[in-house]
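Comments concern the structure below.
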Amino acid sequence: MSQKAILEYDGKRLLSSWMAMNGNDTLTQSLAAHVGPKTDLNELPTQNEWLLTRRLVVKPDQLIKRRGKANLLALNVTWTEAQQWIEDRRGKAVNIESVTGVINNFIVEPFIPHGQDDEYYLCVSTELSVDVILFHHQGGVDVGDVDSKAVRLHVAVGTVPSPEEIQNTLLMNVPIHRRAYLSDYIEGLYQFFTTYQFSYLEINPLVMTDNPANVVALDLAAKLDETARHECHKLWGSITFPPPFGRVSTPDEEYINSLDEKTGASLKLSVLNENGRVWTVVAGGGASVIYADTISDFGMGHELANYGEYSGAPTESLTYEYARTILQLMTKTAHPLGKILIIGGGIANFTNVAETFKGINRAIRDFADTLRSQKVSIWVRRAGPNYQEGLKRITELGVSLNLDIHVYGPETHLTSIVAMAFNKPVASLEFNDAKADAEQIKRNISYLDTVEVSDAEKAASIFTRNTTAIVNGMQAKAVQNMLDFDYICGRSTPSVSAIVYTFSANHYRKFYWGPKEVMMPVYQNLSEAVKLFPNVDVCVNFASSRSVFDSTKEMLEYPQLKVIAIIAEGVPEKRTRQLIACAATKGVTLIGPATVGGIKPGCFRIGNTGGMLDNIIASKLYRPGSVAYVSRSGGLSNELNNVISRTTDGVYEGIAIGGDRYPATTFLNHILRFEANPQVYMIVLLGEVGGSLEHEVCEALASGRITKPLVAWCTGTCASIFPYEVQFGHAGAMAQGTLETAHAKNEALKAAGAIVPANFEDFASTIHETYMKLVRSGVLVPKCEVEPPTVPVDYDWARKLGLIRRPAAFVSSITDERGEELTYAGMKISKVFSDNIGVGGVLGLLWFRRRLPDYACRFIDMVLMVTADHGPAVSGAHNTIVTARAGKDLISSLCSGLLTIGPRFGGALDGAAASFAEAFDAGLSPEEFVQDMRNKCQLIMGIGHKIKSLENPDQRVVLVKNFAEKYFESTELLDYALAVEKVTTKKKSNLILNVDGCIGACFVDLLRSCGMFTRAEADEYVKMGVLNGLFVLGRSIGFIGHYLDQTRLKQDLYRHDTDDISYITNVDIA
């Protein structure tokens, strides 16, 4: 939803800040204090001293209309009286126009003495191409039907009304001496409206007093364009968008909303009736409305428990959490007749249905026992990429769990599962027209690009078989989808000439053209791409909502670009309307924003329109039919492709104009093109609640501008059954008045001459009946079927579908980053932190593929700490320092130090562990071991230290030894090494067990005694060099420290002193 209401206090706060910034004398800064549920009323005057010196007005600030008539207004009171008035009402429930809610927020303002003649009505709102300023010279609570009374000033987008226009249009019934002052105020207020990106701003009454002249907004109601937050966050400051009065979000709704805010996908949930019998888990904003409509149309609206949707390819875990939340709510109480769960959705464009169904299946499995005991019947209908696997899995789940699950795909009408669940007549997508087909001559379809097209068809087309495009944004999948569509349509050349990607230098990107690979140029600048490809006339803009305005503005500067598709959702309405105005002056067709685009079978498609290739083939979109359609929803356009392909000879062209309040092109724009195109024989319109675009179509029907059969339906008929105002899937899907309701639109379309079914369930059959009338009358000759060329399946997609296999180039058993969460040896990264296993625990997972005991993890941490460094003089640190002082980077310096690790430095851990273990396992006594090593003329690894001795023990050894003796199950090898120490120190006191030997012996004890490894595994890890790995890991900490130290100290290049070098010649050696 883009338009969001704000508190009156926030509206006046923003107005006051604008006044302060602009210094407009007529825009007097207003005083106002906000009182919330926890505001200390005794402290409030310390922040607002005027509360104690002025007479006051107090009223609730919770989007409540007509507060005066509801007796929720305190006028001309002192602060003491205002406090008492608030205390009497704060936290209390009140009923206002059949809605009950708790009052917790108030606004307190100075009381402005004035007469009835001082009150005016002022409202600024937005329309597609203009802003509208409404003014009435009488305001206040009894203003009545202001729409019929007020005068209007239409202000073109991007302009500011002059004082003369304001006075001559709006203020003719205002006393002359006030007109100039009021016109200055209205001009300033309009600039405030556009700068802060309001979509609606009403002041009633607006009070003007004389001597001195002053204008004050007494009551203010406003809506901001929430999508403009990234542009206006500094102007808005901290702002909240409160729910409608009486609407309090449940914990489950807040939970789903919190998930929605953390993901690029969409998750929405509104609980309508906790005790309802019918619950839904629906994919897609458009589909969610249609399911709610159909449930209502079948007389079960009072049993509809929830409204919501998941869309945008949510992950398995998000889908699981969404479905689990709904099932948890659903199964709180049983119903005598059993409950109904609708798991529905249209034909997805790119969402992997099988992947999202994994999450739903997990949730069903969790609640299987309760679903059985409460006699819940589950009805599933879904289609799109990999839907067969998804439906197969949920079918198998139902069988294995003995659940009442009924599963259908695109062969079934979108809403037929609702009819089945309620035992109502089911609309079929299969029609017996064999006799009619046999009697009809078929029109041939040619794939040749040289086929002549009539002038009338050319004039009415925005895409042809020769259309070529530039894609703005690195959307490789969308580009490949466009090329695959081109190939299957029999085009001789690709429809994408180049990609523009501002974040990289010019290069080429590889794509497939049928079975062969082709190179696609990628340019950093649009200007270069346009210059090199003068025949390009379409641009598909995948820029984000933040950058799409600037990039589209640039595109509009190139006359050769005749069509621009804006895919992004969340484009600020102000920016969209500016683009619409600019495009109109340049004769450019804009499609979007918030759209999947459009498709012209056999010719061209925008991005991902029409979905994957299997859907393109199933819906016969590789060749033109005779029916054109226009819709709001991109998801439902796929459903229209499916329905039209099954009920007629197919789609000629389909456009999704986008779900925002102000689509750049309207239903009527495209319907008039279809009307003028001799290849289009009938038109389908799928509208929705909100806006007035369908009424434009009604006017065109009534005036005779549309003569071809038009089958139309507006979704959102369920809105009247909801207990409160609900924002449907699209930003524009909310009625601002009676005429914008779906019911009113359907009635108006029917009255104007459109063919309107009784409900969406009858939509397909109505399309079929209309088509067959044209066929039987001879007006329409159906087009014959053709065999499309085969396009090889991409390897990645074929692998996901389980169609192919090949040997892997690599095998990894320690980590997996492919899922929703990184895992170490099967342990999720979130659990790594929640269980606080530390670096030692992570090392255990990644090195040993198992979770080690806590004491083992802490021992590894200890080893890393005691081996971290041993001063700058040792060879590894020395090399690191020399390399750092030579100006090399951190990695090079670290590697220089690590490369010195070997038998003489740092490599003693493995050697000590191996030699001690070999002697111990062979049954040699310490004396025999020492003697054996002496006989072999070998030093004992892990024995001896240059500085430390029995008299000056190494505290690192003491720490490691004490820890092992306290926590290890066995220290038999450590004990053996200490016994060896007793033998060696008899010769010399510094022949002690050093830190390398102590760690080596202890680690062998750990591996052998912790119960996590077999003896063979423990010995194998020692042979692999795992102990040296510990030293490398620990000492890297010190080496990096030395690099940082030398760099920080700005040390010069190191050159060894020649006095410290003995230069020896061959003579000296001899």
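Mapping to full-length UniProt numbering: the sequence shown position 162 is 162, numbers consecutive. The beta carbon of each residue, even a glycine, is placed where N, CA and C say it ideally should be.
To the nearest angstrom, how far is it from the Cα of Leu803 to the Cα of Phe810?
Translated into positions along the sequence shown, residue 803 becomes position 803. Translated into positions along the sequence shown, residue 810 becomes position 810. So the two alpha carbons sit approximately 21 Å from each other.
For Lys268, does the count of other Cβ atoms within 10 angstroms reach 16, so buried, or fall short, so exposed?
Mapped onto the sequence shown, residue 268 falls at position 268. Per the 10 Å Cβ criterion, buried.
If you follow the beta strand (DSSP E) that Cys123 is part of, which residue opens it and which one closes it?
Start at 1 with the first residue of the sequence shown, and residue 123 comes out as number 123. Unbroken beta strand (DSSP E) run through Cys123: Glu119 to Thr126.
What are the complete beta strand (DSSP E) segments, minimum 3 residues, inside the segment 90-120?
92-96, 99-103 and 106-110
Can you tell me the Cα-Cα spacing of Glu769 and Met420, whole angstroms?
The count along the sequence shown starts at 1 and reaches residue 769 at position 769. The count along the sequence shown starts at 1 and reaches residue 420 at position 420. Rounded to the nearest angstrom, the two C-alpha atoms are 23 Å apart.
Can you name, in chain order, every residue of its own chain whose Cβ lies under 6 Å from the Cβ of Pro788, other than the five neighbours on each side?
The residue you call residue 788 lines up with position 788 of the sequence shown. The residues are Ile488 and Tyr622.
So the alpha helix (DSSP H) Phe929 belongs to, where does it begin and stop?
Indexing the sequence shown from 1 puts residue 929 at position 929. Run containing Phe929: Pro926 to Asn935, per the alpha helix (DSSP H) assignment.
Give a single yes or no on whether Tyr523 has its beta carbon closer than 7 Å to a heavy atom of the ligand ZN.
For the ligand ZN, the structure offers nothing, since it holds no ligand at all.
Just the Cα atoms here: how many angstroms apart are Asp10 and Ile290?
In the sequence shown, counting from the first residue as 1, residue 10 sits at position 10. In the sequence shown, counting from the first residue as 1, residue 290 sits at position 290. The straight-line gap from Cα to Cα measures roughly 36 Å.
When the Cα atoms are used, what is the spatial distance from Ser703 to Leu710?
If you number the sequence shown from 1, residue 703 lands on position 703. If you number the sequence shown from 1, residue 710 lands on position 710. In this model, Ser703 and Leu710 are separated by some 14 Å (Cα to Cα).
Alpha carbon of Ile901 to alpha carbon of Asp910, nearest angstrom:
One-based indexing of the sequence shown puts residue 901 at position 901. One-based indexing of the sequence shown puts residue 910 at position 910. Approximately 12 Å, taken between the alpha carbons.
Would you kindly work out how many angstroms separate the C-alpha atoms of Leu153 and Tyr185, rounded to a whole number?
As a position in the sequence shown, residue 153 is number 153, starting the count at 1. As a position in the sequence shown, residue 185 is number 185, starting the count at 1. Going by the C-alpha atoms only, they are around 15 Å apart.
If contacts are defined as beta-carbon pairs under 8 Å, then Val1026 and Ile999 qualify, I think. What distance do you get, rounded to the angstrom?
Residue mapping note: residue 1026 aligns to position 1026 of the sequence shown, counting from 1. Residue mapping note: residue 999 aligns to position 999 of the sequence shown, counting from 1. Between Ile999 and Val1026 the Cβ distance is about 12 Å, and since that is not below 8 Å, they are no contact.
I'd like to check one pair, Ile347 with Asn615: are the Cβ atoms closer than 8 Å?
Looking up residue 615 in the sequence shown gives position 615. Looking up residue 347 in the sequence shown gives position 347. Yes.
Rounded to a whole number of angstroms, what is the C-alpha to C-alpha distance between Ser16 and Thr815?
Numbered from its first residue, the sequence shown carries residue 16 at position 16. Numbered from its first residue, the sequence shown carries residue 815 at position 815. Cα-Cα distance, rounded: 57 Å.
Using the Cβ count rule (16 or more neighbours within 10 Å means buried), how would you classify Asp1060?
Position 1060 of the sequence shown, counted from the first residue, corresponds to residue 1060. In this structure Asp1060 is exposed. Its beta-carbon is surrounded by fewer than 16 other beta-carbon atoms within 10 angstroms.
Any idea which residues DSSP pairs Glu309 with across the strands?
Stepping through the sequence shown from its first residue, residue 309 is reached at position 309. BP columns for Glu309 point to Lys268.
Between the C-alpha atoms of Lys1023 and Thr867, what's the straight-line distance to the nearest angstrom?
As a working mapping, residue 1023 is identified with position 1023 in the sequence shown. As a working mapping, residue 867 is identified with position 867 in the sequence shown. Taking the straight line joining both Cα atoms gives about 20 Å.
Spatial neighbours of Tyr447 in its chain, beta-carbon cut-off 6 Å, leaving aside the 5 residues before and after
The residue you call residue 447 lines up with position 447 of the sequence shown. Low per-residue confidence applies at Tyr447: pLDDT is 48, beneath 50, and the placement is therefore not dependable enough to give any value.
Span of the beta strand (DSSP E), counted from its first residue to its last, around residue 1095:
Here the chain comprises residues numbered 1 to 1070, so residue 1095 is not present and cannot be evaluated.
For the beta strand (DSSP E) that contains Pro205, what are its first and last residues?
The count along the sequence shown starts at 1 and reaches residue 205 at position 205. From DSSP, the beta strand (DSSP E) with Pro205 extends over Phe198 to Thr209.
Here's the rule I'm using: 16 or more other beta-carbon atoms within 10 Å means buried, otherwise exposed. How should Ala292 be labelled?
Along the sequence shown, one-based indexing puts residue 292 at 292. Buried, because 16 or more other Cβ atoms sit within 10 Å of the Cβ of Ala292.
Determine the DSSP secondary structure at Asn481, reduced to helix, strand or coil.
Reading the sequence shown from its first residue, position 481 is the one you call residue 481. If DSSP states are grouped into helix, strand and coil, Asn481 belongs with the helices.
Any idea which residues DSSP pairs Ile342 with across the strands?
Reading the sequence shown from its first residue, position 342 is the one you call residue 342. DSSP output for Ile342 lists Thr280 and Trp379 as bridge partner(s).
Count the other CB atoms within 10 Å of the CB of Ile891; is the residue buried (16 or more) or exposed (fewer)?
Stepping through the sequence shown from its first residue, residue 891 is reached at position 891. With fewer than 16 other Cβ atoms within 10 Å, it is exposed.
Collapsed DSSP secondary structure at Ala731 in the structure displayed
Position 731 of the sequence shown, counted from the first residue, corresponds to residue 731. Reliability of the predicted coordinates at Ala731 is poor, the pLDDT of 49 falling under 50, and no value is obtained from them.
Which of helix, strand or coil DSSP assigns to Leu304
Position 304 of the sequence shown holds residue 304. Looking at Leu304 - three-state DSSP - the assignment turns out to be strand.
Whose C-beta lies closer than 8 Å to the C-beta of Lys982 among residues of the same chain, with five residues either side of it excluded?
Residue numbering aside, residue 982 sits at position 982 when the sequence shown is read from its first letter. Excluding sequence neighbours, Lys982 sits near Pro926.
Residue ranges of each alpha helix (DSSP H) within the segment 457-529, 4 or longer
For the alpha helix (DSSP H) assignment, the uninterrupted runs of no fewer than 4 residues enclosed by the segment 457-529 are, from N- to C-terminal side, 476-488.
Considering just the uninterrupted stretch of the alpha helix (DSSP H) at Tyr408, what are its terminal residues?
Mapped onto the sequence shown, residue 408 falls at position 408. From DSSP, Tyr408 is part of no alpha helix (DSSP H) but of the beta strand (DSSP E) over Asp404 to Tyr408.
Check whether the Cβ atoms of Leu429 and Thr766 sit closer than 8 Å, and answer yes or no.
In the sequence shown, counting from the first residue as 1, residue 429 sits at position 429. In the sequence shown, counting from the first residue as 1, residue 766 sits at position 766. No, they are not a contact pair.
Give me the Cα-Cα distance between Gln62 and Ile837, rounded to the nearest whole angstrom.
Counted from its first residue, the sequence shown places residue 62 at position 62. Counted from its first residue, the sequence shown places residue 837 at position 837. When rounded, the distance between both Cα atoms is 49 Å.
Proximity of Ile580 and Ser270 at Cβ, strictly below 8 Å:
Taking the first residue of the sequence shown as 1, we reach residue 580 at position 580. Taking the first residue of the sequence shown as 1, we reach residue 270 at position 270. Contact flag unset, no.
Val538 - DSSP class collapsed to helix/strand/coil
Counted from its first residue, the sequence shown places residue 538 at position 538. For Val538, the secondary structure class from DSSP, reduced to helix, strand or coil, is strand.
Report the rounded CA-to-CA distance for Asn759 versus Cys718, giving the unit in angstroms.
As a position in the sequence shown, residue 759 is number 759, starting the count at 1. As a position in the sequence shown, residue 718 is number 718, starting the count at 1. One C-alpha to the other measures close to 11 Å.
In chain order, which beta strand (DSSP E) runs of at least 3 residues are fully inside the segment 616-642?
Counting only runs of 3 or more residues that sit fully inside the segment 616-642, the beta strand (DSSP E) segments are 627-631, in chain order.
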